[in-house]
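Undergrad: Sequences listed follow chains A and B, in order. If you want this note's numbering, it's the 1-based position in the first sequence plus 73. If you want this note's numbering, it's the 1-based position in the second sequence plus 1. All residues carry an ideal CB built from backbone N, CA and C; glycine is no exception. Got a structure for you, questions after.
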Amino acid sequence: MSRTFTRIAMAAATAGLLTLAACGDNGDQGGTRLNGQSDATVVADTLPAAATDTSVATDTSLATTDTEAPTTTASTSGSGSSATVVDPALEQAIAEAEALLGATDKDLADANKGAANGG
Amino acid sequence: MNRTRTIAALTIGLASALGFAGTASAAPPDLETARARCLTGISERQVQLDVLLEKSTASSTLTDGHEGTIGSFISAAKNGLSGLQAEVQADADLASLRADCEAVASEYRVYALRTPQVHLALAGDRTAAGIVKGNEIAATLQTAIDAAEANGKDVAEVTALLADLNAELASASTSLSGVVDSELGYTPADWNANHSVLSSATTAVRSAHTDLKAALVDAKAIVAALRALAL
């Protein structure tokens, strides 16, 4: 009896996992487009440029991504005949460039502060 | 009587010379008070030089050459200030203390020159890195525009925006050309002779920064327009 119960419980658990996996697949597919934006796009759009300023950690992280040139890839969704016009890597590159601008703003402000100190 | 006047004048002059270390009190400082202020001024400058060195070594966009130049003049200033510190500690009269304290500011110009120099170099090289990235973005946008055009989309607006973006990147690049090399070359003696020695470099870096900012606005507008075309 106990063995039978164990088998039933295992079968139920397996079915549950399969269902969850299926939901995950659907979720991923559904999540790639949100009003025309990919998930990566949404994340990139919410990156605050000013937050990176002159922090050493951010500066280093930028260096790791500097070499990644954005690429354009063909879309695998829809009719298959149209190219993906906005690659997430492109928006990531724009966000990184904006982060550089934010840090530069801070550099320029610090340059002025130093000059104002005299001596 | 004359001697009394001379000592009074020297003491007042010393208070002026030490103005960098804080507001001079109404009464002229005695030798030890003046020495303490002077040593504080030296210590503060040593700390500031360390901060500048740390910022330059931490930057991933500062070129090796510029980092080397900055490291070199910071090292020289730190050594020079250490030497002055020993002299200040040994000064036995107000006149020699005054001369050494004036040298702390006039021979090193840690705040007036070195600090803005380093920050301008950081800003300039960071902007240069932004221009490189901007050119990569422009190339990718061109590919996307070509693809949209091949699909029969009207790309006149995005093509115009991309031309604008490319012009802004070119303008930023021109503004920045050779500026950091040049501004890092100024010495405290240059600043002493002309307090506006960094003005043109500051204007150039700001101009490049403004152009890059405008280029990124264009890039985002192109992305939005391409997305609208794809709908």
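Please state if the CB of Leu173 (chain A) and the CB of Arg236 (chain B) are separated by a distance shorter than 7 Å.
TA: No answer is possible for residue 236 (chain B): it lies beyond the span of chain B, which begins at 2 and ends at 232.
Undergrad: Thinking Val105 (chain B) and Leu82 (chain B) are a contact (beta carbons under 8 Å), I'd like their distance in whole angstroms, please.
TA: About 7 Å; that satisfies the 8 Å criterion.
Undergrad: Quick check on DSSP: helix, strand or coil for Glu108 (chain B)?
TA: Coil.
Undergrad: So which residues of chain A does Val224 (chain B) contact, with C-beta pairs closer than 8 Å?
TA: What Val224 (chain B) touches in chain A: Val159, Leu163, Glu164 and Ile167.
Undergrad: Using only CA atoms, which one of B:Tyr109, B:Gln47 and B:Val48 lies nearest to Thr188 (chain B)?
TA: Nearest option by C-alpha distance: B:Tyr109.
Undergrad: Considering only the alpha carbon of each residue, which of B:Val52, B:Glu184, B:Gly125 and B:Asp51 lies closest to Thr1 (chain B)?
TA: Since the displayed chain B opens at 2 and closes at 232, residue 1 (chain B) lies outside it and no answer follows.
Undergrad: Which one of B:Val89, B:Thr116, B:Leu232 and B:Asp94 has the shortest CA to CA distance from Asp51 (chain B)?
TA: Residue B:Thr116 is the option with its Cα nearest to Asp51 (chain B).
Undergrad: Just the Cα atoms here: how many angstroms apart are Ala231 (chain B) and Ala148 (chain B)?
TA: Rounded to the nearest angstrom, the two C-alpha atoms are 11 Å apart.
Undergrad: I need the DSSP call for Ser83 (chain B), collapsed to helix, strand or coil.
TA: Correct three-state label for Ser83 (chain B): helix.
Undergrad: So, is Ala113 (chain B) buried or exposed, given that buried needs 16 or more other C-beta atoms within 10 angstroms?
TA: Buried, since its Cβ has 16 or more Cβ neighbours within 10 Å.
Undergrad: With a cut-off of 8 Å on the beta carbons, I'd call Leu177 (chain B) and Val133 (chain B) a contact; round off their distance for me.
TA: That belief does not hold up - the Cβ atoms of Leu177 (chain B) and Val133 (chain B) are roughly 11 Å apart, past 8 Å.
Undergrad: Ordered along the chain, which non-local residues of its own chain (more than five positions away) have a Cβ less than 7 Å from that of Val119 (chain B)?
TA: So the qualifying residues of the chain are Leu53, Lys56, Ser57 and Ile71.
Undergrad: So what does DSSP say about Gly42 (chain B), is it helix, strand or coil?
TA: Gly42 (chain B): helix per DSSP, three-state reduction.
Undergrad: Exposed or buried, which one is Ser183 (chain B) when buried takes at least 16 other CB atoms within 10 Å?
TA: Result: exposed.
Undergrad: Output needed in chain order: residues of the stretch 68-91 of chain B with a Cβ under 7 Å from some Cβ in chain A.
TA: Within the stretch 68-91 of chain B, no residue qualifies.
Undergrad: Flag this pair as yes or no: are the beta carbons of Val198 (chain B) and Ala122 (chain B) separated by less than 7 Å?
TA: Result no, Cβ atoms of Val198 (chain B) and Ala122 (chain B) do not sit closer than 7 Å.
Undergrad: What's the gap between the Cα of Ala216 (chain B) and the Cα of Asn167 (chain B)?
TA: Roughly 7 Å separates the two Cα atoms.
Undergrad: So for His67 (chain B), helix, strand or coil by DSSP?
TA: Looking at His67 (chain B) - three-state DSSP - the assignment turns out to be helix.
Undergrad: Hey, out of B:Asp101, B:Ser107, B:Ala161 and B:Ile138, whose CA is closest to Asp191 (chain B)'s CA?
TA: Asp191 (chain B) has its Cα closest to that of B:Ser107, out of B:Asp101, B:Ser107, B:Ala161 and B:Ile138.
Undergrad: What separation, rounded to the nearest whole angstrom, lies between the Cα atoms of Ala87 (chain B) and Arg36 (chain B)?
TA: Taking the straight line from one Cα to the other gives about 11 Å.
Undergrad: Looking only at C-alpha atoms, which of B:Thr175, B:Glu137 and B:Thr160 sits nearest to Ala226 (chain B)?
TA: With distances taken between Cα atoms, Ala226 (chain B) lies closest to B:Thr160.
Undergrad: Please return the same chain residues whose Cβ sits closer than 8 Å to the Cβ of Asp101 (chain B), not counting the five positions on each side in sequence.
TA: Cβ within range, chain order: Cys39, Leu85, Glu88, Val89 and Asp92.
Undergrad: Applying the 10 Å Cβ sphere with the 16-neighbour rule, what's the burial state of Val159 (chain A)?
TA: Buried is the call here.
Undergrad: Do you know whose CA, among B:Asp155, B:Gly42, B:Glu33 and B:Ala229, lies nearest Lys79 (chain B)'s CA?
TA: Residue B:Gly42 is the option with its Cα nearest to Lys79 (chain B).
Undergrad: Out of B:Ala129, B:Leu162, B:Gly153 and B:Thr34, state which residue places its alpha-carbon closest to the alpha-carbon of Val224 (chain B).
TA: It is B:Leu162 whose Cα lies nearest to the Cα of Val224 (chain B).
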